[in-house]
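If you want the numbering used here, it's the 1-based position in the sequence shown plus 24. Working notes for the structure below.
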Amino acid sequence: MNKIAKEDGFGKVSLLPSKKFVTPKKVEPGMFYYADGLIFPELIKDNQVSAIVGCVDKRCGLALGLRETELPWSSDWLYVDMSSGLSGKEATSLILKTAKERQKKAEAAEWCAEYAFDGIEAGTGFMPSKEELKRVFANRIKLCEALVQLDADGVQEACLYLSSSEHDSTHAWLVRSSDGHMTNDYTKYYSARVRCVIEFKI
């Protein structure tokens with residue numbers, strides 16, 4: 025069985041026979057991202073799936089972690105005062121650095137940075153920016169089709185997910201999964217759904 029199915033109780037899935045595979049030249053959203061770095065459109069016997077390809081841009085892309093949680097951006101009202109143009113990786117790093125310096129909590133970013141499930145090493149994942157989340161959610165149907173094969177947590181329809189993008193001292197940006205709509209109507213203290221992503225090169 026695929027390790028994720030055996031170890032975590034994820035559902036029964038159809039697996040291809042074990043043999044050597046290579047990442048196809050064209051990587052598309054919905055493909056499986058394996059713990060060894062392989063990206064493939066099918067499930068492969070004895071290879072652990074770590075994430076699902078969420079979006080692809082030229083020679084790199086983002087893969088969405090299989091698990092999600094609900095946390096506040098910061099229950100301590102952390103204000104980073106960062107540039108709106110930062111990538112998710114840059115923003116997550118800056119959030120954690122500022123939280124440590126000021127001894128404040130940044131629960132969502134911390135969870136993403138410490139994410140160590142399904143073959144992903146802690147420190148690899150990060151909290152996506154609002155623009156990155158929007159690009160990933162544009163492929164929500166493909167993501168859900170892949171996640172269903174693993175019996176993993178699907179991307180919930182019409183739910184708000186936290187981004188690493190900060191709006192002001194009290195609010196952060198959230199993105200609606202169904203249509204990519206962005207909102208800053210909720211305070212940083214508000215708990216919302218959180219998904220981490222990992223970056224890959226093609």
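Every residue, glycine too, gets a C-beta built ideally from N, C-alpha and C. Computed from a prediction, not measured in an experiment: that's the story for all the values here.
Rounded to the nearest angstrom, what separates E145 and G61 at their Cα positions? Here residue 145 refers to the residue found at position 121 of the sequence shown. Here residue 61 refers to the residue found at position 37 of the sequence shown. Rounded to the nearest angstrom, the two C-alpha atoms are 12 angstroms apart.
Look up L95 in the DSSP assignment and give the residues it is bridged to. Taking the first residue of the sequence shown as 1, we reach residue 95 at position 71. BP columns for L95 point to A216.
Taking the alpha-carbon of C220 as reference, which of Y103, E94, L174 and R83 has the nearest alpha-carbon? Numbered from its first residue, the sequence shown carries residue 220 at position 196. C220 has its Cα closest to that of E94, out of Y103, E94, L174 and R83.
Nearest residue (CA-CA) to L4, options A59, T122 and H195: Within the shown structure, residues of the chain are numbered from 25 to 226, placing residue 4 beyond reach of any answer.
Taking the C-alpha atoms as reference points, what is the distance between I76 and L174? To locate residue 76, count along the sequence shown from 1; it is residue 52. To locate residue 174, count along the sequence shown from 1; it is residue 150. When rounded, the distance between both Cα atoms is 10 angstroms.
Within its chain, find whatever has a CB closer than 6 angstroms to the CB of K49; leave out the 5 residues flanking it on each side and keep chain order. Within the sequence shown, numbered from 1, the residue matching residue 49 stands at position 25. Here the set comprises nothing.
Near Y213, which residues of its chain fall below 6 angstroms by C-beta distance, leaving aside the five closest residues on each side in sequence? If you number the sequence shown from 1, residue 213 lands on position 189. Contacts found: P96 and S99.
Nearest CA to the CA of D192: which residue from D70, D105 and F64? Stepping through the sequence shown from its first residue, residue 192 is reached at position 168. Nearest of D70, D105 and F64 to D192, Cα basis: D105.
Can you have a look at D142 and say buried or exposed, based on whether 16 or more other CB atoms are within 10 angstroms of its CB? The residue you call residue 142 lines up with position 118 of the sequence shown. Classification of D142: buried, given that the 10 Å Cβ count is 16 or more.
Would you identify the three-state DSSP class for R200, choosing helix, strand or coil? Stepping through the sequence shown from its first residue, residue 200 is reached at position 176. Looking at R200 - three-state DSSP - the assignment turns out to be strand.
With respect to the beta strand (DSSP E) encompassing A87, which residues constitute its N-terminal and C-terminal limits? Taking the sequence shown and counting its residues from 1, the one referred to as residue 87 is at position 63. From DSSP, the beta strand (DSSP E) with A87 extends over C84 to G89.
Taking its Cβ as the centre, do 16 or more other Cβ atoms sit within 10 Å of G109, making it buried, or is it exposed? For the purposes of this step, residue 109 is taken as residue 85 along the sequence shown, with counting starting at 1. Classification of G109: exposed, given that the 10 Å Cβ count is below 16.
If you draw a straight line from the alpha carbon of E190 to that of W197, how long is it in whole angstroms? As a first step, residue 190 must be located in the sequence shown, where it is residue number 166. As a first step, residue 197 must be located in the sequence shown, where it is residue number 173. Computed Cα separation, rounded: 6 angstroms.
Of the choices E92, I63 and T116, whose alpha-carbon is the least far from that of C79? Residue numbering aside, residue 79 sits at position 55 when the sequence shown is read from its first letter. The shortest C-alpha separation from C79 is found at I63.
In whole angstroms, what separates the C-alpha of S233 from that of R200? Since the first residue shown for the chain is 25 and the last is 226, residue 233 is missing from the structure and cannot be characterised.
Rounded distance between the beta-carbons of A115 and S153, thought under 8 angstroms: Numbered from 1 along the sequence shown, position 129 holds the residue referred to as residue 153. Numbered from 1 along the sequence shown, position 91 holds the residue referred to as residue 115. Yes, S153 and A115 are in contact; Cβ-Cβ is about 6 angstroms, under 8 angstroms.
Which one of C136, I226, C183 and F150 has the shortest CA to CA distance from F161? Taking the first residue of the sequence shown as 1, we reach residue 161 at position 137. It is C183 whose Cα lies nearest to the Cα of F161.
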